[in-house]
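Just so you know, the sequences run in chain order H, V, G and W.
Residues in the first sequence are numbered from 41 upward in steps of one, following my numbering.
Residues in the second sequence are numbered from 41 upward in steps of one, following my numbering.
Residues in the third sequence are numbered from 41 upward in steps of one, following my numbering.
Residues in the fourth sequence are numbered from 41 upward in steps of one, following my numbering.
Built from N, CA and C at the ideal position, the CB exists for glycine as well.
To start, the structure under review is shown below, and the notes come after it.
4 protein chains.
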Amino acid sequence: MTVLEQPDISRTSIFETLESEVRSYSRSWPAVFETASGSWLRDENGKDYLDFFAGAGALNYGHNNPVLKTALVDYIMNDGITHSLDMHTVAKRELLESFERTILEPRGLDYKVQFPGPTGTNTVEAALKLARKVTGRESIINFTNAFHGMTLGALSVTGNSMKRAGAGVPLVHATPMPFDGYFDGSTEDFHWFSRVLDDSGSGLNRPAAVIVETVQGEGGVNVARPEWLRALADLCTERGILLIVDDVQMGCGRTGPFFSFEAAGITPDIVTLSKSIGGYGLPLALTLFRRELDVWGPGEHNGTFRGNNPAFVTARAAFDHYWSDDRLERDTLRKGERIRQTFMNLATMFDGVSTRGRGLVQGLVFDDPSDAQKVCAFAFEEGLLAETAGPSDEVVKLLPPLTITDDELEYGLNIIAEATAKVCA
Amino acid sequence: MTVLEQPDISRTSIFETLESEVRSYSRSWPAVFETASGSWLRDENGKDYLDFFAGAGALNYGHNNPVLKTALVDYIMNDGITHSLDMHTVAKRELLESFERTILEPRGLDYKVQFPGPTGTNTVEAALKLARKVTGRESIINFTNAFHGMTLGALSVTGNSMKRAGAGVPLVHATPMPFDGYFDGSTEDFHWFSRVLDDSGSGLNRPAAVIVETVQGEGGVNVARPEWLRALADLCTERGILLIVDDVQMGCGRTGPFFSFEAAGITPDIVTLSKSIGGYGLPLALTLFRRELDVWGPGEHNGTFRGNNPAFVTARAAFDHYWSDDRLERDTLRKGERIRQTFMNLATMFDGVSTRGRGLVQGLVFDDPSDAQKVCAFAFEEGLLAETAGPSDEVVKLLPPLTITDDELEYGLNIIAEATAKVCA
Amino acid sequence: MTVLEQPDISRTSIFETLESEVRSYSRSWPAVFETASGSWLRDENGKDYLDFFAGAGALNYGHNNPVLKTALVDYIMNDGITHSLDMHTVAKRELLESFERTILEPRGLDYKVQFPGPTGTNTVEAALKLARKVTGRESIINFTNAFHGMTLGALSVTGNSMKRAGAGVPLVHATPMPFDGYFDGSTEDFHWFSRVLDDSGSGLNRPAAVIVETVQGEGGVNVARPEWLRALADLCTERGILLIVDDVQMGCGRTGPFFSFEAAGITPDIVTLSKSIGGYGLPLALTLFRRELDVWGPGEHNGTFRGNNPAFVTARAAFDHYWSDDRLERDTLRKGERIRQTFMNLATMFDGVSTRGRGLVQGLVFDDPSDAQKVCAFAFEEGLLAETAGPSDEVVKLLPPLTITDDELEYGLNIIAEATAKVCA
Amino acid sequence: MTVLEQPDISRTSIFETLESEVRSYSRSWPAVFETASGSWLRDENGKDYLDFFAGAGALNYGHNNPVLKTALVDYIMNDGITHSLDMHTVAKRELLESFERTILEPRGLDYKVQFPGPTGTNTVEAALKLARKVTGRESIINFTNAFHGMTLGALSVTGNSMKRAGAGVPLVHATPMPFDGYFDGSTEDFHWFSRVLDDSGSGLNRPAAVIVETVQGEGGVNVARPEWLRALADLCTERGILLIVDDVQMGCGRTGPFFSFEAAGITPDIVTLSKSIGGYGLPLALTLFRRELDVWGPGEHNGTFRGNNPAFVTARAAFDHYWSDDRLERDTLRKGERIRQTFMNLATMFDGVSTRGRGLVQGLVFDDPSDAQKVCAFAFEEGLLAETAGPSDEVVKLLPPLTITDDELEYGLNIIAEATAKVCA
């Protein structure tokens, strides 16, 4: 980083004087961003940054995607409804029709769709409430290193101890179980979980539901094997426990197929979506569930911004453009494989480095967590945004836009490789 | 409603087949809306509706306000950052600068600003977490008929029993106290509350905070008197309890001044804002708190959409345009007085009808709740959107855009008056 | 107290070195007691103490009552069963027969009898569990300054903040309401309680039960009026809420009649008994409930010592001897009146002194709590055991054995009067 | 069972009409017991029963032990204090002196002694409260198939789902871990437990304490190996978690040494005792803890019957008589070995039968739970009391008095062997 590129302190000062200390990413990336396009952000000094973080998975179609932008601006210019609570609008109808045609029907999914408020934590809260209402039970099973959100219900099923402590009240009604691979394969899958479920003396309150991410993003790019997910789904079905797949980060094509659970061939009872579902980075969330679980009374769960129509418009444009065929899915898998090759090479070249991932969520894991942080810091200097994940921030997690070009991908991977070499050599 | 105006069943069908039964407003207002401008919505058949609900207070500046629209479209066309988590952006800086200049400084408020996720329930969750973190205590005092949101933390301080039941787990850590006027003036203010606070044998867990709306919107347009709010603030100060004013619905000028608590001359420890803070109906929320309460660690509360830059842009445009002088505030008070006159007349003319409100939140209260619902149904037929509130839906609650014209207001009030006459005669 | 009567430090030392700091009464009364008879205790130095505390109400028939002693020793000498879990024994049958004949039948009470473990807190836990099981609801209403026990369930319905803090976890599922007289008559009875019960927006979780003491002993000899208890019972009946009277301290004749609620003419759904029910100071507890509430499954609540047969034997002897006629009840009321006269005189003579009570639980209330403690300290020096109660220990609470003689009562009252004069003059 | 021995229905009827349906053992053993001596009970028809249950471990010294009886009757006849709350008494001093001399000092245990109320569940509640107070944390780790009592705190750390359901509120703040041998040795010890403790992303709230039985009696005679207990103690020490050994059933010599944890060579932070601590089947409980954990404030945990002096007298007599040398311990181990030989033979002779135990708690385990129940039913007919344990009642659990004679043991084992042969042949 040269002197000219130094962030101008005077220009960032209002963030320091007025914004809460809770701010976080702005500390790792001390720039003031102004515009963005595709896989790139530009700061106010004109410096460009290649984005391998993509809004933590909220920008699967890139920044200000022109296809979506056109639809959005047309809609606004024509005075399309912006805010409508949960009233019917033409934009909502077109969203539902497109979602049914491009996503649900081709996959044979007979889900009802709820608009639960436009954030990931809100769809998780709706899912937990529905599971408890349907079963009449309180307890939820979550997994080690899960992340599901920051409101009190979602936080209770989240693993991170720092975030849990922020609740200020004891978080109860959830019991963590080991995620796939938690014991590095040394213990048989579900040994503990199925045993305590079936043992009337185990002290485990009978659960309403299991909530799981197929790939734990915040938790460190922990990938559940398809056979583990199938076994989990079977275990739930056999015991009358609802299976919730939280696809907030891994859905919308992040792992290749639209839903991350498709590869395992399972059909969850409830699915949560947010982040990239709005397409353009606009707030939107959906809760999907099997038709017979739709026991909600009118207004039993609501929220002011559940009818964010601009996001309906961009979401629909994204479905129509990207999900009418399998091009995006195949591209994602191919690009993911490209990252994987680079990471495998790095793991071979350097001690204490390994890799894991699926599709376009790939992690480079460092035995020494400080190495991961150094790699990301070096990348930032070189104009690449990448973040760490995992309980000790030991994983460099790549979440580039699915629409990234091969050249951009290559460019970014070179920086990561260079940074790794520098840090681990 | 004529035959021609009947909603076309075939056209609404995907809402019924695909959207969850949780949908609510769409049942009262069975139309499919397409465009909107100012105080008006238009459905797909071209029928216009005057909007006396304004997105439950999220559209204080009207639908698709042209001042904000211009700023928004310019920003999008120029590829301004759309989604940025909590990174620094130029749009965020300009928002903070404008908020400080037009809102905080003129009112002498030395608050820090947190971006907690873009919905009302999220800012309430952040406020409760912060209050518990600061004080090390768990318990929160809320008020009868309060409404603060639908995620588990916010729901625990909400009064409505149907919504509470949706939680599926016992809601604990909150104790309701009587809101101002709960006993129609027959009992001295705070008799019960201050007594149990000071009695070491009362069984009340010592609270971290009190959360209050100055006017309870969902609860039935219950208005707290300034002297009651001052006494509440004093009581909190004396006992080291934090005072949270939930200004999600009543802030942003709804009652006249920007913050609803200004009239009482109090300075809450924590303030929650959402709904109209984004200006254009776009999701945004802020949590404000006294500088010394900013004990958050980086990332201790977060959320994907807390950096919704399009809403920063429209919010800033709204601050600059509407809050650089006191025109809007004076207009709001004047228009509120206009509604009040009409409602006082109706209360005089008809038995079982009364009124209450402040600024542009005004309620027409019916002894027989079914009358309130009939009035709203009749209004809808006549092309006016108005909703009921209160524990038995006994209040017709008017929340028109603050930017409504005098003629529009007159037009809508005539419909309400006509409906009341028809129902109560 | 002369030098010779000083407690011998060396002789008390094992209490200090080995017993936990949690010990309490031994601090107020620093003697080592050795024998006891009737209303008197004797310490190891031969000093006698008149007992106006009676084991906190566990010794209504005095210490080592000879009628009960004979029955007890005979039983032990004949190798009667001592410990039997919940097996049938002859002693249990005779207890049940006597209880039915002398207590239940004459009062027309069709209760089932549960042996819940031999302490007050255990019968309260059983009562709460049963109420929740019957109703399927979690929430319990308790009253300001209530005391119901120290295990987690009982503690949650207890008012004292020091004792509550000992729980170490948030105490939830209970909401306190004002006990009779809490506002010194300035507020209509049940104004708050009935209002929040009937208001669907009040935020009060619908309760399973109300638990109440007719006279709050630990809480400071707060006496509920019969009309208040009747109104409470009516309120519960009308709303399908179970009424639990905790008669652990006030039952067994303490207020005159066997059950303290008889004077009000109400029939609680559930009644808890302990303390004097075993007659001789031996651990025993009973939970009584309306026959149709007996939904317990076998063993669903249990405990090792619920079959404490020696206590069955002394309990039965007490029923037969003291409750076959109304002599004890009349004597208790007469003696209570005697205390009351003395206390009324003291209240007349001294500022800042008042009195309240019923039967043989009578309180002398001091505006300055330190006066109450001085009175008890002086009394101890003079050979009288009396304790303070109330949230600030501001009440000298008299609980003499019901079998105290008139002379003994006179003797003790003189000491109290003398002490009061000395302290308040 | 002959006709003459049939329980006389008319004589048992008051149990059926008046006692709650919660009664349990009386259903398995439909007799009315009258007297008892040593290892024998006699019913009202004069039939004798050999007692292999010993009050669920509360009668380790047999029924109405003459050594203790003499001390007890002398005490009562001399008007020794019966009930004294937590006042100092000569009987309490002598108990403490004897306990220190015979139990604590020889074992080098520097514990403080709390009298927490006279039942097992009460000492467990006191232990949990103390652990939470000392650490400032809420969460407790318990084990699969644990049993710790029936009040709300103790129930939350108990495994049995039927008993847990009786709580009527969600039981929270406890997380079960696998007890030793839960996976039949297939999984490395503490794999799961230590992993989740050390993983900041595991979602496990950091625990205040671990509560464990060294042999789970109610849970089915599950025996923790000494090396497992040592590893557990190490794990707690390393992580600043308090170790509570619940020795309510397994203490007082049941497994041989006075404390069941002695064999493992560990020193728990907190120990709970009840059942046989009173010696004669009289209610008593103790909570022991390391001196530096004695942070209780005066009266912070209390209870009416914590000063049950008759039990102090018999407890002390038991310490002096049975624990001044190692005779009882050696006898217990020898007799336990005798049972073990018989059970090993039965396990060899019959398919689906196995055995486990330590000292004089020995289990005969049947693959088919109904076999265990048949064995106990047959034994009852033959005049032997034995009970089942385990989550499916699949274990015949022998808990004879430690003072049983060799002939009596032989006699009873023959009945068990005969019953097993009859059932399994």
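### Query
Closer than 9 Å, Cβ to any Cβ of chain W: which residues of the region 126-144 of chain G, in chain order?
Within the region 126-144 of chain G, those residues whose Cβ lies closer than 9 Å to any Cβ of chain W are, in chain order, Asp126, Met127, His128, Thr129, Val130, Ala131, Lys132, Arg133, Leu136, Glu137, Phe139, Glu140, Leu144.
### Task
Measure from the alpha carbon of G/Leu326 to the alpha carbon of each residue in G/Ala76, G/Phe155, G/Glu145, then state which is nearest.
In the third sequence, residue 326 of chain G corresponds to position 286, counting from 1. Closest option to G/Leu326, Cα to Cα, is G/Phe155.
### Contact belief for W/Ala457 with W/Thr395 at Cβ below 8 Å, rounded distance in angstroms
Position 417 of the fourth sequence, counted from the start, is the residue given in the question as residue 457 of chain W. Position 355 of the fourth sequence, counted from the start, is the residue given in the question as residue 395 of chain W. Their Cβ separation, rounded to whole angstroms, is 12 Å, which puts W/Ala457 and W/Thr395 out of contact at 8 Å.
### Neighbourhood of H/Met41 by C-beta distance below 7 Å, restricted to the same chain and skipping five residues each side
Along the first sequence, one-based indexing puts residue 41 of chain H at 1. For H/Met41, the predicted model reports a pLDDT of 32, less than 50, meaning its position is unreliable; a value from the coordinates is still stated below. Within the same chain, H/Met41 has close Cβ partners Glu421.
### Message
Just to make sure I have the definition right: I need the residues of chain H whose C-beta is within less than 7 Å of the C-beta of V/Gln154. Which are they?
### Response
Residue mapping note: residue 154 of chain V aligns to position 114 of the second sequence, counting from 1. Those within 7 Å of V/Gln154 in chain H are Ser60, Val62.
### Query
Which residues bound the beta strand (DSSP E) around W/Asn182?
The count along the fourth sequence starts at 1 and reaches residue 182 of chain W at position 142. The continuous beta strand (DSSP E) containing W/Asn182 extends over residues 179-183.
### Query
So, V/Ala248 versus V/Thr175, is the Cβ gap smaller than 9 Å?
For the purposes of this step, residue 248 of chain V is identified with residue 208 of the second sequence, where counting begins at 1. For the purposes of this step, residue 175 of chain V is identified with residue 135 of the second sequence, where counting begins at 1. Cβ distance < 9 Å, so V/Ala248 and V/Thr175 count as in contact.
### Message
I need the straight-line Cα distance from V/Leu269 to V/His213, nearest angstrom please.
### Response
Numbered from 1 along the second sequence, position 229 holds the residue referred to as residue 269 of chain V. Numbered from 1 along the second sequence, position 173 holds the residue referred to as residue 213 of chain V. Between the alpha carbons of V/Leu269 and V/His213 lies a gap of roughly 23 Å.
### Query
For W/Lys414, which residues from the same chain have a beta carbon less than 6 Å from its beta carbon, with the 5 sequence-adjacent residues on both sides left out?
If you number the fourth sequence from 1, residue 414 of chain W lands on position 374. If we look at W/Lys414 and ignore the five residues flanking it on each side, its Cβ neighbours are Val463.
#### Entry: the region 434-443 of chain V contacting the region 92-111 of chain V, beta-carbon criterion three pairs below 8 Å
As far as the Cβ criterion goes, the region 434-443 of chain V touches the region 92-111 of chain V, which means the pair count is three or higher.
### Task
Determine the direct distance from the alpha carbon of W/Gly102 to that of W/Tyr451, and round the result to whole angstroms.
As a first step, residue 451 of chain W must be located in the fourth sequence, where it is residue number 411. As a first step, residue 102 of chain W must be located in the fourth sequence, where it is residue number 62. Rounded to the nearest whole angstrom, the C-alpha separation of W/Tyr451 and W/Gly102 is 16 Å.
### Task
Taking the CB atoms as reference points, tell me whether G/Lys169 and W/Gly206 lie closer together than 9 Å.
Locating residue 169 of chain G in the third sequence gives position 129, counting from the first residue. Locating residue 206 of chain W in the fourth sequence gives position 166, counting from the first residue. Yes; because the gap between Cβ atoms is below 9 Å, this pair is in contact.
### Query
So what's V/Ser77 in DSSP terms, helix, strand or just coil?
For the purposes of this step, residue 77 of chain V is taken as the residue at position 37 of the second sequence. In this structure, V/Ser77 counts as strand in the three-state DSSP scheme.
### Message
Taking 8 Å as the limit between beta carbons, can you name the residues of its chain near H/Leu425, skipping five residues before and five after?
### Response
In the first sequence, residue 425 of chain H corresponds to position 385, counting from 1. In its chain, beyond the 5 residues on either side, Trp69, Leu81, Tyr89, Leu90, Asp91, Phe92, Phe93, Ala419 have a beta carbon closer than 8 Å to the beta carbon of H/Leu425.
### Task
Give the interface partners of H/Trp232 over in chain V, defined as CB-CB distance under 9 Å, in chain order.
By one-based count along the first sequence, residue 232 of chain H stands at place 192. Correct list: empty, because the minimum Cβ distance to chain V is about 24 Å.
### Task
Could you spell out where the beta strand (DSSP E) holding V/Arg330 opens and where it closes?
Against the second sequence, residue 330 of chain V aligns to sequence position 290. Taken as a continuous stretch (DSSP letters only), the beta strand (DSSP E) holding V/Arg330 covers 326-330.
### Query
Taking 9 Å as the CB-CB cut-off, is H/Val285 touching chain W?
For this step, residue 285 of chain H is matched to residue 245 along the first sequence. Among the CB atoms of chain W, none fall inside 9 Å of the CB of H/Val285.
### Exposure label - W/Gln46; buried when at least 16 CB within 10 Å
Translated into positions along the fourth sequence, residue 46 of chain W becomes position 6. Reliability fails at W/Gln46, whose pLDDT of 49 lies under 50, so the model's placement of it is uncertain and no value is given.
### Query
Per DSSP, what kind of secondary structure is V/Pro216 in: helix, strand or coil?
Counted from its first residue, the second sequence places residue 216 of chain V at position 176. When DSSP states are grouped into helix, strand and coil, V/Pro216 belongs to the strand group.
### Query
Is it the case that the Cβ atoms of G/Tyr320 and G/Asn105 are separated by a distance below 9 Å?
Residue 320 of chain G sits at position 280 when you count from the first residue of the third sequence. Residue 105 of chain G sits at position 65 when you count from the first residue of the third sequence. Yes, they are a contact pair.
#### Entry: Exposed unless 16 or more other CB atoms sit within 10 angstroms - verdict on W/Leu44
Start at 1 with the first residue of the fourth sequence, and residue 44 of chain W comes out as number 4. With a pLDDT of only 40 at W/Leu44, under 50, the local geometry of the prediction cannot be trusted, and no value is derived from it.
### Query
Using a beta-carbon distance cut-off of less than 8 Å, what residues from the region 191-219 of chain W approach chain H?
Listed in chain order, the positions of the region 191-219 of chain W with a beta carbon within less than 8 Å of a beta carbon of chain H are Val197, Thr198, Gly199, Asn200, Ser201, Met202, Arg204, Pro210, Leu211, Val212, His213, Ala214, Thr215, Pro216, Pro218.
### Query
Is H/Ala387 closer than 9 Å to H/Leu400 when the C-beta atoms are compared?
Against the first sequence, residue 400 of chain H aligns to sequence position 360. Against the first sequence, residue 387 of chain H aligns to sequence position 347. For H/Leu400 and H/Ala387, no; Cβs fall outside 9 Å.
### Query
Any C-beta of chain G sitting closer than 9 Å to the C-beta of W/Trp363?
As a position in the fourth sequence, residue 363 of chain W is number 323, starting the count at 1. Chain G contact via Cβ: absent.
### Task
Can you grab the Cα-Cα spacing for the pair H/Leu149 / H/Val164, in whole Å?
Taking the first sequence and counting its residues from 1, the one referred to as residue 149 of chain H is at position 109. Taking the first sequence and counting its residues from 1, the one referred to as residue 164 of chain H is at position 124. Separation of H/Leu149 and H/Val164 (C-alpha to C-alpha, rounded to the nearest whole angstrom) is 20 Å.
### Query
Exposed or buried, what is H/Ser300 when buried is set at 16 or more other beta-carbons lying within 10 Å of its beta-carbon?
Position 260 of the first sequence, counted from the first residue, corresponds to residue 300 of chain H. Around the beta carbon of H/Ser300, a 10 Å sphere encloses 16 or more other beta carbons of the protein chains shown; the residue is thus reported as buried.
### Query
Looking at C-alpha atoms only, which residue of W/Arg63, W/Leu125, W/Asp126, W/Gly423 is the closest neighbour of G/Met127?
Here the question's residue 127 of chain G lines up with position 87 in the third sequence. In this structure, W/Arg63 is the residue among W/Arg63, W/Leu125, W/Asp126, W/Gly423 with its C-alpha nearest to the C-alpha of G/Met127.
### Message
For the region 337-353 of chain H, list every residue whose C-beta sits within 8 Å of some C-beta in chain V, in sequence order.
### Response
Cβ contacts with chain V: Gly337, Pro338, Gly339, Glu340, His341, Asn342, Gly343, Thr344, Phe345, Asn348, Pro350.
#### Entry: Status (buried if at least 16 other CB within 10 Å, exposed otherwise) for G/Met217
In the third sequence, residue 217 of chain G corresponds to position 177, counting from 1. Burial state of G/Met217 is buried, judged by a 10 Å Cβ sphere holding 16 or more other Cβ atoms.
### Query
Would you say W/Arg147 and W/Glu332 are within 9 Å of each other, going by their C-beta atoms?
Here the question's residue 147 of chain W lines up with position 107 in the fourth sequence. Here the question's residue 332 of chain W lines up with position 292 in the fourth sequence. No; because the gap between Cβ atoms is not below 9 Å, this pair is not in contact.
### Query
Given that a residue counts as buried once 16 or more other Cβ atoms are within 10 Å of its Cβ, and exposed if not, what is V/Arg346?
One-based indexing of the second sequence puts residue 346 of chain V at position 306. By the neighbour-count rule (16 or more Cβ atoms within 10 Å), V/Arg346 is buried.
### Task
Verify the CB distance criterion: does G/Thr307 have a CB-CB separation below 9 Å to chain V?
The residue given as residue 307 of chain G occupies position 267 in the third sequence. Under the Cβ distance rule, G/Thr307 does not count among the residues neighbouring chain V, no pair being separated by less than 9 Å.
### Task
Could you confirm whether any beta carbon from chain W is found closer than 9 Å to the beta carbon of G/Thr443?
Indexing the third sequence from 1 puts residue 443 of chain G at position 403. Closer than 9 Å: no.
### Query
What separation, rounded to the nearest whole angstrom, lies between the Cα atoms of V/Gly86 and H/Gly259?
Here residue 86 of chain V refers to the residue found at position 46 when the second sequence is read from its first residue. Here residue 259 of chain H refers to the residue found at position 219 when the first sequence is read from its first residue. Answer to the nearest angstrom: the Cα atoms are 50 Å apart.
### Query
Just how far apart, CA to CA, sit H/Arg294 and H/Asn162?
Position 254 of the first sequence, counted from the first residue, corresponds to residue 294 of chain H. Position 122 of the first sequence, counted from the first residue, corresponds to residue 162 of chain H. Each residue's alpha carbon lies about 21 Å from the other.
### Task
Could you have a look at H/Leu439 and say whether DSSP puts it in helix, strand or coil?
Within the first sequence, the letter at position 399 stands for residue 439 of chain H. It is coil, neither helix nor strand.
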